[in-house]
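Each step along the sequence shown adds one to the number in full-length UniProt numbering, with nothing skipped, and position 283 is 283. Beta carbons: idealized from backbone N, C-alpha and C, even for Gly. Remember, it's a predicted structure, so these values are computed and weren't measured experimentally.
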Amino acid sequence: MELGRFGIWTFDFEDQPASMLRDSVRELDELGWPAIWIPERDGREALTHAGFLLASSERMAVVNGIARIGSRGAWSVHGAALLLADAYPGRHVLGLGFGGAQPGVKPLEAMNDYLDELDTVTNANPSPAEPIRRLLAAYGPKMLGLARDRSEGAHTYHVPVSHTAQAREVLGEKAFLGVEHAVLFETDPGKAREIAREHLHGYLTSEYNVAKYLRLGYTEADLDGGRGSDRLVDDLVFWGDLDTVTAKLHGHLDAGADHVGVQVIGVEPGESAMPHWRRLAESLLPS
């Protein structure tokens, strides 16, 4: 899967009007960003969102990071992804994920069952020239193994560089590994960590993320009741000036990632991170 070494990963598009999304994705395309990753959290439906961004751009790939498997049935996902693959050859990546804790539901089992259903869907739609491409959100070794065996690879979110090395070991050499990482352009340590802690709080208190960080060797003291130690915060949010941030992002590539989706934080809802994306393009993308 060719998505380039760096892309944009953003929640911002869930809080902005369609006209602003259209202008932003066109400029990102013109700047040479090879891919943009979009989540599904605040109400924008994942596949129509992807379709709108694809229609508004010409070259860049649009990756669902992620489409929640509990939000729509496999039949609907297959039909939507088939149309996007046909309309925009090679430009859409269907990223699937469990999407949060559900009482009594085991994520690995739910994902495996969903893929079983997805792989048996048939309809009258024409087959695209290039097939549907899919990734799985994965952290632990079992879900990473499922991503390796039943998709083109894995998408990880809010993980340190050490996890990237572990994920590559599980995935082997051939499977794709796309890693999201948050960045913040703030050089004052106190300010940077406070902004980062506000962003991270929900992740440092959720069941699956807490288990993930404890498996990686962090302690309850590092979690600090959802506040996060300086060590944990600095591992999960790269802050500082442009040179510092970009140097740290390359650490994921050195550890085995194929691609890093860069999430700029510290931007007010409704505002655009475009000034930061322009600076990052100059630093991270080939001239």
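Alpha carbon of residue i to alpha carbon of residue j, nearest angstrom
i: G7; j: L249; result: 11 Å
i: E130; j: A154; result: 20 Å
i: Y203; j: Y157; result: 10 Å
i: P128; j: L96; result: 20 Å
i: P141; j: G104; result: 21 Å
i: M274; j: S24; result: 7 Å
i: Y218; j: H78; result: 39 Å
i: A18; j: V93; result: 21 Å
Simplified DSSP state of residue i, which is helix, strand or coil
i: V159; result: coil
i: A154; result: strand
i: G97; result: strand
i: V105; result: coil
i: A267; result: Before going on, a small fix: residue 267 reads as Val here, not Ala. Residue state, collapsed to three classes: coil.
i: P17; result: coil
i: L3; result: coil
Environment of residue i [buried if 16+ CB atoms lie within 10 Å]
i: D149; result: exposed
i: N64; result: buried
i: R59; result: exposed
i: P160; result: buried
i: D205; result: Going by the sequence as given, residue 205 is Thr instead of Asp. Its Cβ having fewer than 16 others within 10 Å, T205 is exposed.
i: S107; result: For the sequence presented, residue 107 should be read as Pro rather than Ser. Counting Cβ neighbours within 10 Å, P107 comes out buried, since at least 16 surround it.
i: K212; result: buried
i: G261; result: buried
i: D188; result: exposed
Residue i beta carbon near the ligand GTP (any heavy atom closer than 7 Å)
i: L47; result: By its list of ligands, the structure shown contains no ligand whatsoever, and the ligand GTP lies outside what it can speak to.
Residues bridged to residue i [DSSP beta-bridge criterion]
i: I8; result: I36 and V262
i: H92; result: V62
i: V237; result: A182
Chain C contact for residue i (CB, 8 Å cutoff)
i: S206; result: Within the model displayed, chain C is absent; a lone protein chain is all it includes.
Minimum length 3: unbroken beta strand (DSSP E) runs contained in the segment 28-88:
35-38 and 61-64
May I have a chain-ordered list of the alpha helix (DSSP H) segments no shorter than 4 residues that lie completely inside the segment 195-227?
207-215 and 220-223
Completely contained beta strand (DSSP E) runs for the segment 110-193, where each covers 3 or more residues:
133-137, 153-156 and 176-184
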